[in-house]
Each structure stands twice: as C-alpha cells, then as structure tokens.
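*Asks:* Residue 37 in this note's numbering sits at position 30 of the sequence shown, with consecutive numbering throughout.
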Amino acid sequence: MDIPTRFIIHESRYWILNQRMDSALPGYLMLSAKQMTNSLAALPLEAQAELGKLQARIQHAIEADLRPKRLYIGRFGHDAGYSIHFHFIPVYDWVEALFWLDERYRLLQTFGSIDSALLQTDGAELMLFVWREFCERPVPPPVQGPCVDDVIAALRGALDCELPR
8 MDIPTRFIIH ESRYWILNQR MDSALPGYLM LSAKQMTNSL AALPLEAQAE LGKLQARIQH
68 AIEADLRPKR LYIGRFGHDA GYSIHFHFIP VYDWVEALFW LDERYRLLQT FGSIDSALLQ
128 TDGAELMLFV WREFCERPVP PPVQGPCVDD VIAALRGALD CELPR
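1. Please report the straight-line C-alpha distance between I10 and F118, rounded to a whole angstrom.
2. Under the rule that 16 or more other beta-carbon atoms within 10 Å means buried, what is H67, buried or exposed?
3. Using three-state DSSP, classify F118 as helix, strand or coil.
4. What residues in its chain sit with their C-beta under 7 Å from that of E169, if we drop five residues either side in the sequence?
5. Which two residues bound the contiguous beta strand (DSSP E) that contains W22?
6. Figure out for me which residue from F136, Y35, S46 and G59 has the closest Cα to the Cα of A87.
7. Once you ignore the five residues that flank R64 on each side, which residues in its own chain have a CB closer than 8 Å to its CB?
8. Which residue wins for smallest C-alpha separation from A131, given the options F14, Y112 and P145?
9. Taking buried to mean at least 16 other C-beta atoms within 10 Å of its own C-beta, is R172 buried or exposed?
10. Please classify A31: does DSSP put it in a helix, a strand, or coil?
11. Check whether the region 11 to 24 touches the region 77 to 86, taking contact to mean three or more Cβ pairs, one atom from each stretch, closer than 8 Å.
Dropping the structure here:
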C-alpha cells in the first residue's frame with residue numbers, strides 16, 4: 008500500500024505506522040507489516056519479535072499524549088492487497104458522548120440479552136460507530152481537540168521517530 012509521507016508516524020525495517028488515511032479521528036493508527044502476508048507466522052522472527060515491543064510503545068504514546076478514555080487494539084480485515092495490520096482506535100470522551108447522542112446506535116442494544124446492556128456499551132459498538140462516522144461518512148462529526156496533523160506530529164515526537172525518507 009502506498010501511504011503518503013504526511014500520514015506516516017514511524018517506520019522500521021519490518022513495520023510502518025500511520026494515521027489511518029481515511030479516518031477523520033485523530034490518533035486512529037494502523038500498524039502494517041511491510042512484507043505482503045496475512046500470517047504472523049510467515050513473517051521473519053525479527054519482525055515477530057519487534058511487533059510486541061512496537062505495539063507497547065504505540066499504546067504508551069497514545070495513552071500518554073492523547074489520553075483517550077479507551078484504546079482498542081485489534082487485527083481486522085482480510086482484503087486482498089493488504090498485508091497483516093493492526094488498528095489502534097482511541098475512543099475519547101467526546102467520541103463516546105457522540106455515540107450516546109446518536110439514536111441510530113440505540114438499536115444495537117436490542118441485539119443482546121443482558122439487562123445491563125442498556126446502561127453501557129462495548130468495544131464492538133464503539134468501533135462500529137468510529138468506522139461508520141469517522142471513516143466512511145462523507146462529512147464526519149467535528150473533532151474536539153487536536154486535529155489529525157497535530158496528532159501525527161505529536162506522536163512522531165512521542166515515539167522519538169524521524170520523519171520517513
């Protein structure tokens with residue numbers, strides 16, 4: 008995948024970290040293997056060893072600098088043409104507040120069978136909200152706090168990274 012330099016936060020021999028290009032949510036990051044594969048086991052041992060340390064550094068930088076209410080980290084996707092990658096999805100207080108204000112997402116509460124589900128949400132519901140509202144919507148909700156470009160700059164500094172060449 009060709010990622011414009013302005014989105015890249017960190018690059019190593021095996022991995023590339025960038026702001027998700029189609030997301031208006033500041034700090035929504037993607038960590039992708041440079042080798043084209045969908046299998047962790049197919050990556051060189053050095054890439055596998057680097058992954059855990061890199062994920063921990065990214066989590067620390069997001070939590071320390073951006074202070075989200077929650078941070079979800081996961082592997083999703085299986086589309087051809089994309090290597091194995093991981094999503095870092097910050098959920099800020101204001102994102103969760105927008106979720107609760109949007110009546111369309113109350114329908115999700117009808118799918119469960121736990122009575123307490125009416126009083127809380129979970130990661131799947133919040134990720135769906137972020138994906139639909141901040142990544143797929145032509146006009147996403149307004150961002151509260153630093154913009155995408157400011158967050159990229161802050162995270163580059165936090166991860167003590169050089170700008171990619």
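Glycine residues also receive a C-beta, built at the ideal position from the N, C-alpha and C atoms.
Every value quoted in this text rests on a predicted model; they were computed, and no experiment measured them.
*Replies:* On the basis of the data shown:
1. 38 Å
2. exposed
3. helix
4. With a pLDDT of 46 at E169, under the threshold of 50, the predicted position of this residue should be treated as unreliable, though the coordinate-derived value follows. Cβ within range, chain order: n/a, list empty.
5. W22 to Q26
6. S46
7. L166
8. Y112
9. For R172, the predicted model reports a pLDDT of 42, less than 50, meaning its position is unreliable; a value from the coordinates is still stated below. Exposed.
10. coil
11. no
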